[in-house]
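Using the numbering used here, the first residue of the sequence shown is number 53, and each one after it goes up by one. Backbone N, C-alpha and C fix where the C-beta goes; we use that ideal spot for every residue, glycine too. Comments concern the structure below.
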Amino acid sequence: MGTLKWVFYQDSAEKWRWRATSVENGKIVGAATQGFSSRQKAVENARHFGYK
């Protein structure tokens, strides 16, 4: 897999989520399947999927 852009954001329910987008083609290649109560918890979850 190529270079990824990681984004952490709050959804409409004010839960934290993440998504990983391919820099090469702009397609979303991964995303949180649930919302988290804090940004830190979302980051910890993203680390299981390759976030550094």
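*Please say whether residue 82 and residue 63 have beta carbons closer to each other than 8 Å?*
The residue given as residue 63 occupies position 11 in the sequence shown. The residue given as residue 82 occupies position 30 in the sequence shown. In this structure, residue 63 lies away from residue 82, with their beta-carbon atoms at least 8 Å apart.
*By the 10 Å Cβ neighbour count, where 16 or more other Cβ atoms means buried, how is residue 99 classified, buried or exposed?*
Residue numbering aside, residue 99 sits at position 47 when the sequence shown is read from its first letter. By the Cβ-count criterion, residue 99 is exposed, with fewer than 16 other Cβ atoms from all chains shown falling within 10 Å of its own Cβ.
*When you compare only the Cα positions, how much space is there between residue 66 and residue 93?*
Against the sequence shown, residue 66 aligns to sequence position 14. Against the sequence shown, residue 93 aligns to sequence position 41. Straight-line measurement puts the Cα of residue 93 at about 13 Å from the Cα of residue 66.
_For residue 93, three-class secondary structure by DSSP_ = In the sequence shown, counting from the first residue as 1, residue 93 sits at position 41. Helix.
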